[in-house]
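**Student:** Pasting a structure below so you can have a look.
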Amino acid sequence: MGNIDVSRYVPPGPVGAAFIHSRGPIDIIMGPAGSGKTVASCIKGPLLAASYMPVCRDGRVRVKLICVRDTYRDFARTALASWHEMFPVGHPWQRPDKGYEGGQDRPVRHHLVWEAYRGADKVIVEFTLETGAIADSNVMQFVKGYEVSMAWGNEVDMMSPEVPGALFMRTGRYPPVKDIAPSELDRVSRDGREAMRRMGMTVDDTEITLPRMFWGDMNPPDVDHPLLKEVGWEDPEKKNPAYNFFRQPGGLDDGAENRIGRPRSAYEMDLRAMSENLSRRMVHGLPGYAQDGKPVYPEYNEKIHKADQPLAPTPGRGITIGLDGGGSPSATIGQPQSNGQDRLLAELVTEPGTGPTRFSLMLLDLLMSQFPGLPIIGIYGDPAMFYGGDTENDEMNFAMTVQKTLRFPIMPAPSNEPGVRQDAVRMGLTTMIDGRVPGYLVDPRCKMILGGFAAHYKLTKQATIGGTDKLAVVKNSYSHPHDAEQYRRLGYIGLANVIAHGVTTSLPAGVVSLHEQRLLRSQSAPQTPGNFNVWDV
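With the numbering used here as the guide, the letters of the sequence shown map in order to residues 204 to 740.
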């Protein structure tokens, strides 16, 4: 029966098991290399056929599964190889006549027949796997003519983003409704109507619905991949309700799956051999970065720095505000805590073309609605906001306009040097208070800041490859709030502290910086008159 005994198959872990038993509409499993995704996809079709799919009038369950890949050769190397481990050619379940057809850069058809139990009842399952390679074909032209029960996209991220929806459209068409036993039709229709209602659809209580399923497996793609938007990777509120997302833990995480087939030591070896971007995807199970730009903050860790629930302002404690002007002005609002933690509580990101007056009113509304009664410690902005304007002719620059509306002085950040500003944020990302509390925590509602941390606040291609000595950042909708946050952090912490922190973290063990030495001297006991050290400078 091949290398994997179907009757003794054990899912790779709880995420893999949930994926196998899910009935769609569209199930996507994502995990690091070797996490058991492809094998889970192989067993999913036969398992659902035996346990759930409707029984026909003659007592048989009939299921057709189409599995697609970008090319037949890639399919033979991955999905088909895993399929043959479970159901090799000549498997005892293989139909005697024309049980296996195709191969060698051609579509494969594998026909299986076996007995299964549903409770005390025995049913006969007739199962057909068909394969297809989309390559550069027009997706809609490729799927035309398919009449299948369910569909599977192997390495679905390698194909057109239209594949899941296009193939889903061809599911639920086999067997014909007229062939299904009435009681079974009622059973699956009830489930189908309930699934549609959970998606927010309106459906009549008498509507007939057959099971329709598409599933796909993939290693983490680039962060900008359309499938990640469908599954709500960055913003769960924008998740497509038709999608169920099953994310397996990273290979070095405590809950890593398929440990029998892929031990921790294998991932540790991969980590040494792979590039940073590749190991992020294949070892840690996280979406990678497009090669046009490295992330500005590789120190960011969603599990550490993103709060698991919205953060409420601490009563009585002051807030700090960062501002970035320009064509798309932005603001960030944070609140330092008594334990030294800095919490980013809110962001304001405006559309291109927003003027200073409108921006000021939007910021004022945000402060009054979410932070009423809290004192403002300081407002820090881009030094460029203070340029322009003509006081003699009653013209105001950006900073003056915002300052007039808020009725609070705005201070220019101590520096506009990108590296220094970014170090102010990096200082928080690399600080752990008492070894367990993150020094910097972001409210999950700060979507643009979090999206920038995760992927979109990145260096330009030239800066990434070292083609320039400037830390040039890609200017996009994520860069403006991140600039504002840098001004907030730098203004509140202070330039000297940011520089000192950078020096301290880069010095070898046992070496003390001048800044630390000055602090020690300033805290020493006062000297009596005439008793001093000429070297204390």
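Backbone N, C-alpha and C define an ideal beta-carbon position, used for all residues, glycine too.
Here's the rule: buried if 16 or more other CB atoms are within 10 angstroms of the residue's CB, otherwise exposed. What is T523?
**Tutor:** Buried, because 16 or more other Cβ atoms sit within 10 Å of the Cβ of T523.
**Student:** What's the call for F330, buried or exposed, on a 16-neighbour Cβ count within 10 Å?
**Tutor:** When all chains shown are included, F330 counts as buried.
**Student:** Let me check one thing: in DSSP terms, what residues is W317 bridge-paired to?
**Tutor:** Per DSSP, V328.
**Student:** Rank S563, L644, L577 and V645 by C-alpha distance to the C-alpha of Q606 and give the top, closest one.
**Tutor:** Considering only alpha carbons, the answer is S563.
**Student:** With DSSP collapsed to three states, give me the class of A448.
**Tutor:** Residue identity check: residue 448 is Phe in the sequence provided, not Ala. Three-state DSSP puts F448 in a strand.
**Student:** Going by DSSP in three states, C245 sits in which element: helix, strand or coil?
**Tutor:** Note: C245 maps to helix in three-state DSSP.
**Student:** With DSSP as the reference, identify every bridge partner of T535, one or two as the case may be.
**Tutor:** Note: T535 sits in a beta bridge opposite G525 and E550.
**Student:** In whole angstroms, what separates the C-alpha of F589 from that of C649?
**Tutor:** Whole-angstrom Cα-Cα distance: 27 Å.
**Student:** Does DSSP classify V434 as helix, strand or coil?
**Tutor:** Correct three-state label for V434: coil.
**Student:** F574 by DSSP, collapsed to three states: which one?
**Tutor:** Coil, per DSSP.
**Student:** Whole angstroms are fine: how far does the CA of L653 sit from the CA of R415?
**Tutor:** Their Cα atoms are separated by approximately 35 Å.
**Student:** Report buried or exposed for G622, applying the criterion of at least 16 other Cβ atoms within 10 angstroms of its Cβ.
**Tutor:** Exposed, because fewer than 16 other Cβ atoms sit within 10 Å of the Cβ of G622.
**Student:** What residues in its chain sit with their C-beta under 7 Å from that of G642, if we drop five residues either side in the sequence?
**Tutor:** For G642, where only same-chain residues beyond five positions count, the Cβ hits under 7 Å are G543, Q544, D545, G631, T634, M635 and I636.
**Student:** For a test of the three-state rule: what should DSSP assign to Q540, helix, strand or coil?
**Tutor:** Here Q540 sits in coil by DSSP.
**Student:** Taking P424 and P490 to be in contact with their CB atoms under 8 Å, please state how far apart those CB atoms are, rounded to whole angstroms.
**Tutor:** About 6 Å separates the two Cβ atoms, so the contact holds.
**Student:** Ignore the nearest five residues each way along the sequence and tell me which others in L514's own chain have a CB closer than 6 Å to its CB.
**Tutor:** Result list for L514: R546, L548 and D646, in chain order.
**Student:** Count the other C-beta atoms from every protein chain shown that fall within 10 angstroms of the C-beta of E318, then say buried if there are 16 or more, exposed otherwise.
**Tutor:** Result: exposed.
**Student:** Give me the Cβ distance between Q538 and P555, rounded to the nearest whole Å; I'm assuming they're in contact under 8 Å.
**Tutor:** Between P555 and Q538 the Cβ distance is about 29 Å, and since that is not below 8 Å, they are no contact.
**Student:** Out of A699, T663, L644 and Q625, which one is the CA nearest neighbour of D686?
**Tutor:** Ranking A699, T663, L644 and Q625 by Cα distance to D686 puts Q625 first.
**Student:** From what residue to what residue does the beta strand (DSSP E) around W355 run?
**Tutor:** Looking at the DSSP string, the run of the beta strand (DSSP E) that includes W355 is M353 to G356.
**Student:** Just to confirm my understanding: we take F345, look at its own chain, exclude 5 residues before and 5 after, and list those with CB closer than 6 Å. What are they?
**Tutor:** I337.
**Student:** Can you check which of these residues, Y377, G239, T274 and K325, is closest to G262 by C-alpha distance?
**Tutor:** When each option's Cα is compared against that of G262, the closest is K325.
**Student:** Out of F656, A616 and I231, state which residue places its alpha-carbon closest to the alpha-carbon of A445.
**Tutor:** Answer by Cα proximity: I231.
**Student:** In three-state DSSP terms, what is I507?
**Tutor:** If DSSP states are grouped into helix, strand and coil, I507 belongs with the helices.
**Student:** Since V366 and G375 are thought to touch, with beta carbons under 8 Å apart, how far apart are those beta carbons, to the nearest angstrom?
**Tutor:** Between G375 and V366 the Cβ distance is about 17 Å, and since that is not below 8 Å, they are no contact.
**Student:** Would you kindly work out how many angstroms separate the C-alpha atoms of M204 and R467, rounded to a whole number?
**Tutor:** Reliability fails at M204, whose pLDDT of 36 lies under 50, so the model's placement of it is uncertain and no value is given.
**Student:** Per DSSP, which residues does R629 bridge with? Please list them.
**Tutor:** DSSP lists no partner for R629.
**Student:** Mapping the DSSP letters down to three states, classify L393 as helix, strand or coil.
**Tutor:** Here residue 393 is Arg; the residue named in the question, Leu, does not match the sequence. It is helical.
**Student:** What is the DSSP secondary structure of F562, reduced to helix, strand or coil?
**Tutor:** Three-state DSSP puts F562 in a helix.
**Student:** With distances taken from CA atoms, which of S225, A369 and G219 is nearest N447?
**Tutor:** Minimum Cα distance to N447 is reached at S225.
**Student:** For I668 and P364, what's the separation of their Cα atoms in angstroms?
**Tutor:** Unreliable positioning characterises I668 in this predicted model, as indicated by a pLDDT of 39, which lies under 50. A coordinate reading is not provided.
**Student:** Select from A398, V552, G581 and Y377 the residue whose C-alpha is nearest the C-alpha of R265.
**Tutor:** Considering only alpha carbons, the answer is Y377.
**Student:** Thinking C-beta only, is V351 closer than 8 Å to R321?
**Tutor:** No, the pair does not count as a contact, with Cβ atoms beyond the cut-off.
**Student:** What's the gap between the Cα of M603 and the Cα of Y492?
**Tutor:** Their backbone Cα atoms lie some 39 Å apart in a straight line.
**Student:** Assuming contact is defined by CB atoms lying nearer than 8 Å, are L526 and S618 in contact in what I supplied?
**Tutor:** Cβ distance not < 8 Å, so L526 and S618 don't count as in contact.
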